[in-house]
Each structure stands twice: as C-alpha cells, then as structure tokens.
Amino acid sequence: MEIINELELKKMIALTKDYTVKTIDVTDEILKKALVYYDFLSNNIKNLELKEDKGKIMYSKYYWYTKYKQRRK
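All residue numbers for the sequence shown refer to our numbering, where the first residue is 186 and numbers rise by one.
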C-alpha cells in the first residue's frame, strides 16, 4: 500500500484553506508533526477522496497514527 508522505501532506495542508492547524501543547516536534498529519487526514477524508484513493487515505491515517503512538512511548 502507498502512503501520503510528509511532503505531500504539507502541500495538502497548505492548499486547504479551511483547515487550521490546532495548537498542540507538545514539546516533541516529531510527535507534534505526526499528530497534526493524523488530525488532518482524520478531519478531511471527504475532501481528500476527490484527489486520492480511499485506501491510500486510510492507510496513511493508520501510518501517521502508529508513528505518533510509537514516538509517544
């Protein structure tokens, strides 16, 4: 399965005008990025389905969530 990588996610977030990055009180920058990407994918599935395959979106959502969980330990 293919995932939406970090560079693609950054571009998608920048192009999505109605998405605001939530202020997350985490000092670990890598953890914060993973959480922002997961949140973006979770809250924009309907909009992303027009551009990406649903399987790719769901797999990417899972990928970024596991990155977050692994880093959090």
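C-beta: ideal position from N, C-alpha, C; glycine also.
- According to the DSSP assignment, LYS246 belongs to the alpha helix (DSSP H) that extends over 239 to 257.
- Burial is judged here by how many other beta carbons sit within 10 angstroms of a residue's own beta carbon; SER245 has at least 16 and is buried.
- Here TYR253 really is in contact with TYR223; their C-beta atoms are around 6 Å apart, less than 8 Å.
- Nearest C-alpha to LYS195 among LEU226, TYR247 and ASP238: LEU226.
- Comparing alpha carbon positions, the residue from VAL221, ASP213 and GLU237 closest to ARG257 is ASP213.
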